[in-house]
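Peer 1: Before we start, here is the structure in question, set down as structure tokens.
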Amino acid sequence: MDFTGGKTLSNSHSPSSFTKFNSAFTAGLLNPMSPPPNKTRSSPVVCELIASSSNIHQRTQTKNQALIQVPISDPRQNQTPPVIDKRALTMQQISDLLSTRSPGNKFNDPGSSDIKLTLSSKDGISVSMNVHKQILVAHSRFFEVKLSDKLAKYQWNGSAEVYMVEITDCDDVEVYIETLRLMYCKYLRKELMRNGISKNLKILKVAVAIGFDAGVLSCLEHLEAAPWAEDDEEKVTCALAELRLENVGAGDVLKRVSVEVTNGTGEVGDNEQVLLKLLHVVLEGKDEKARREMKGLVLKMLRENSSPNDLGKESLYSACDGCLEQLRQHFLRAASSDLQDVSQIARQADNLHWMLDILIERRIAEDFLKSWASQSELSDVHSKVPAVHRHGVSRVTARLFVGMGKGQLLVPKEVRYMLLQTWLVPFYEDFGWMRRVSKGVDTHLIEDGLSNTILTLPLAWQREILLAWFYRFLNSSENCPNIQRGFEVWWRRAFWQRNGEQQLPTQLHLTTPTNANS
Numbered sequence: 001m002d003f004t005g006g007k008t009l010s011n012s013h014s015p016s017s018f019t020k021f022n023s024a025f026t027a028g029l030l031n032p033m034s035p036p037p038n039k040t041r042s043s044p045v046v047c048e049l050i051a052s053s054s055n056i057h058q059r060t061q062t063k064n065q066a067l068i069q070v071p072i073s074d075p076r077q078n079q080t081p082p083v084i085d086k087r088a089l090t091m092q093q094i095s096d097l098l099s100t101r102s103p104g105n106k107f108n109d110p111g112s113s114d115i116k117l118t119l120s121s122k123d124g125i126s127v128s129m130n131v132h133k134q135i136l137v138a139h140s141r142f143f144e145v146k147l148s149d150k151l152a153k154y155q156w157n158g159s160a161e162v163y164m165v166e167i168t169d170c171d172d173v174e175v176y177i178e179t180l181r182l183m184y185c186k187y188l189r190k191e192l193m194r195n196g197i198s199k200n201l202k203i204l205k206v207a208v209a210i211g212f213d214a215g216v217l218s219c220l221e222h223l224e225a226a227p228w229a230e231d232d233e234e235k236v237t238c239a240l241a242e243l244r245l246e247n248v249g250a251g252d253v254l255k256r257v258s259v260e261v262t263n264g265t266g267e268v269g270d271n272e273q274v275l276l277k278l279l280h281v282v283l284e285g286k287d288e289k290a291r292r293e294m295k296g297l298v299l300k301m302l303r304e305n306s307s308p309n310d311l312g313k314e315s316l317y318s319a320c321d322g323c324l325e326q327l328r329q330h331f332l333r334a335a336s337s338d339l340q341d342v343s344q345i346a347r348q349a350d351n352l353h354w355m356l357d358i359l360i361e362r363r364i365a366e367d368f369l370k371s372w373a374s375q376s377e378l379s380d381v382h383s384k385v386p387a388v389h390r391h392g393v394s395r396v397t398a399r400l401f402v403g404m405g406k407g408q409l410l411v412p413k414e415v416r417y418m419l420l421q422t423w424l425v426p427f428y429e430d431f432g433w434m435r436r437v438s439k440g441v442d443t444h445l446i447e448d449g450l451s452n453t454i455l456t457l458p459l460a461w462q463r464e465i466l467l468a469w470f471y472r473f474l475n476s477s478e479n480c481p482n483i484q485r486g487f488e489v490w491w492r493r494a495f496w497q498r499n500g501e502q503q504l505p506t507q508l509h510l511t512t513p514t515n516a517n518s
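With UniProt numbering applied, the sequence shown covers 1 to 518.
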């Protein structure tokens with residue numbers, strides 16, 4: 001570090017010197033400054049400390065043009081909107097900060113201070129304040145080095161002489177003053193409670209830069225205990241990652257948003273166990289209204305935060321298997337006229353519908369479709385269960401139709417055909433009930449899904465299914481889905497296109513001589 005001794009000024013007062021050195025804790029260009037004017041001819045010791053930061057945001061306004069217009073509408077007069085001088089507003093806030101101190105606090109006390117500290121920023125703000133070398137050196141490693149080592153030779157002996165120090169290129173003069181003011185406070189956390197998270201993050205950055213350890217710890221303690229707004233979370237995590245304070249308490253702050261990994265796979269396993277417990281709590285909950293709300297919430301959160309490490313396929317299918325087994329038991333009991341706990345049919349069908357939503361969202365529902373298509377035992381006794389209890393089962397089938405119709409479920413044609421053979425007739429029988437009773441059922445979406453599913457099959461299978469639907473629809477259109485669009489597509493495929501293909505060669509043969517003669 002370069003150090004240059006200045007010349008002694010000859011006058012009636014005690015001699016003094018100019019001293020200039022660079023600050024090592026931040027990067028910046030040295031800006032030469034002239035000694036400030038003094039009432040006497042003697043010049044105090046001046047130390048210029050560079051306190052710039054590499055991530056300074058460029059100002060779009062010049063020093064003298066930082067103005068923000070605030071429109072004020074007045075229907076009676078056409079007046080030029082007044083302007084708020086941003087620079088003046090900042091200076092007023094700084095003035096209030098410097099003039100506010102509790103009794104006995106010596107912050108910015110000109111009567112007892114021995115340092116005149118000037119803070120200046122790139123946007124032209126420059127503020128002078130009265131501070132004490134003893135306090136700065138005791139609380140800041142940066143000031144301890146700069147003030148103790150470099151000025152020791154000038155016999156800092158408690159005389160009345162005031163030394164002048166300037167820190168240039170500050171990112172935010174107001175925040176720098178706030179940080180220095182904390183050095184004069186006995187209860188730092190109490191002072192920090194007056195600020196918001198964003199302000200204390202700025203103070204934390206300055207405290208780290210000047211080695212103000214007590215300020216750093218107090219800021220971290222405040223961040224750990226204070227509630228965060230939604231947009232604060234990213235600010236805190238990014239700031240702490242940038243400052244790298246893991247060894248001084250940042251880890252405790254980040255525990256709010258991350259899990260400490262103690263072994264290789266412990267975190268992943270713990271996450272899956274927690275989510276699996278949440279699934280079972282929702283599936284087994286007693287309050288139906290709360291269950292509906294929590295199902296929507298859990299599905300939304302899983303959709304927005306889908307990760308291969310949260311819930312494995314095996315865990316989800318284990319929950320599905322439990323619901324399906326309970327549905328089978330209660331459904332077969334009801335089919336044999338045992339209606340005890342018959343309400344469990346609708347409950348477990350609703351659980352399966354919800355689990356199917358999760359599986360389809362994650363593109364892993366093919367095995368569920370195969371399992372559902374093989375439940376011929378349930379479909380065979382379907383008509384023996386009262387429709388008021390069984391129609392929820394057909395909602396599961398309808399959800400599979402919608403998924404296949406949208407291309408969210410891709411299985412071999414044999415599996416698609418087996419699903420229709422097993423569940424299409426029970427679905428027809430319950431369609432009227434679903435439309436009248438079930439809330440939130442989009443019948444048009446279901447009809448489109450069924451049409452698209454049928455049209456993915458070979459033409460002969462399409463004909464078999466669609467002709468059977470045609471006869472049923474003519475006898476009871478109110479209780480049957482309208483898949484007329486699918487029927488029309490099949491009709492064109494089966495007749496129009498075939499006829500066109502048969503006539504096409506003839507037409508070409510007849511027009512060829514005409515084209516040749518022309």
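Don't be surprised by glycine CBs; every beta carbon is placed ideally from N, CA and C.
Flag this pair as yes or no: are the beta carbons of residue 116 and residue 132 separated by less than 8 Å?
Peer 2: Their beta carbons are not under 8 Å apart, which means residue 116 does not touch residue 132 by this criterion.
Peer 1: In the DSSP assignment, what are the bridge partners of residue 163?
Peer 2: Paired residues: 115.
Peer 1: With a cut-off of 8 Å on the beta carbons, I'd call residue 364 and residue 313 a contact; round off their distance for me.
Peer 2: About 5 Å; that satisfies the 8 Å criterion.
Peer 1: Taking just the CA atoms, how far does residue 254 sit from residue 237?
Peer 2: Computed Cα separation, rounded: 7 Å.
Peer 1: Between residue 217 and residue 248, is the Cβ-Cβ spacing less than 8 Å?
Peer 2: Contact: yes.
Peer 1: In this structure, does DSSP put residue 130 in helix, strand or coil?
Peer 2: Note: residue 130 maps to strand in three-state DSSP.
Peer 1: Who does residue 170 pair with in a DSSP beta bridge?
Peer 2: Bridge partners of residue 170: 121.
Peer 1: To the nearest angstrom, how far is the alpha carbon of residue 14 from that of residue 162?
Peer 2: Because residue 14 carries a pLDDT of 33, less than 50, the predicted location of this residue cannot be relied on, and no value is offered for it.
Peer 1: I'd like the span of the alpha helix (DSSP H) that includes residue 235, first residue to last.
Peer 2: That run of the alpha helix (DSSP H) goes 230-243.
Peer 1: When the Cα atoms are used, what is the spatial distance from residue 228 to residue 485?
Peer 2: Between residue 228 and residue 485, the C-alpha separation is close to 54 Å.
Peer 1: Please classify residue 473 as buried or exposed, where buried requires at least 16 other C-beta atoms within 10 Å of its C-beta.
Peer 2: When all chains shown are included, residue 473 counts as buried.
Peer 1: Might you give, ordered along the chain, the residues of its own chain that have their beta carbon closer than 7 Å to the beta carbon of residue 445, omitting 5 neighbours on each side?
Peer 2: These residues qualify, in order along the chain: 402.
Peer 1: Should residue 431 go down as buried or exposed, given a rule of 16 or more other Cβ atoms within 10 Å for buried?
Peer 2: It is buried - the Cβ of residue 431 has at least 16 other Cβ atoms within 10 Å.
Peer 1: Do you know how far the Cα of residue 244 is from the Cα of residue 219?
Peer 2: So the alpha carbons of these two residues sit roughly 14 Å apart.
Peer 1: Between which residues of its own chain and residue 369 is the CB-CB distance below 7 Å, once the five residues before and five after are set aside?
Peer 2: Counting only Cβ-Cβ distances below 7 Å, and skipping sequence neighbours, we find 400, 409, 411, 415, 419.
Peer 1: Nearest by alpha-carbon distance to residue 318: which of 273, 145, 440 is it?
Peer 2: Of the candidates 273, 145, 440, the one whose C-alpha sits nearest the C-alpha of residue 318 is 273.
Peer 1: Out of 398, 198, 421, which one is the CA nearest neighbour of residue 442?
Peer 2: Closest option to residue 442, Cα to Cα, is 398.
Peer 1: With three or more beta-carbon pairs closer than 8 Å as the criterion, would you say the segment 205-216 touches the segment 168-188?
Peer 2: Yes, the segment 205-216 touches the segment 168-188.
Peer 1: Helix, strand or coil: how does DSSP classify residue 329 here?
Peer 2: The answer is helix: DSSP assigns residue 329 an H, G or I state.
Peer 1: Find out if the Cβ-Cβ distance for the pair residue 354, residue 295 is shorter than 8 Å.
Peer 2: Their beta carbons are under 8 Å apart, which means residue 354 touches residue 295 by this criterion.
Peer 1: Could you please give the first and the last residue of the uninterrupted alpha helix (DSSP H) stretch that includes residue 375?
Peer 2: Careful: residue 375 lies outside any alpha helix (DSSP H) and carries neither H nor E.
Peer 1: Helix, strand or coil for residue 480? Go by DSSP, reduced to three states.
Peer 2: Residue 480: coil per DSSP, three-state reduction.
Peer 1: Below 7 Å CB to CB, which residues in the same chain sit around residue 494 once its five sequence neighbours on both sides are set aside?
Peer 2: Closer than 7 Å at the Cβ level, and outside the excluded window around residue 494, lie 459, 463.
Peer 1: Grouping DSSP H, G and I as helix and E and B as strand, with all else coil, what is residue 106?
Peer 2: Reduced to three states, the DSSP call for residue 106 is coil.
Peer 1: In or out: residue 426 buried (at least 16 other Cβ within 10 Å) or exposed?
Peer 2: By the neighbour-count rule (16 or more Cβ atoms within 10 Å), residue 426 is buried.
Peer 1: Between which two residues does the alpha helix (DSSP H) holding residue 392 run?
Peer 2: Unbroken alpha helix (DSSP H) run through residue 392: 387-405.
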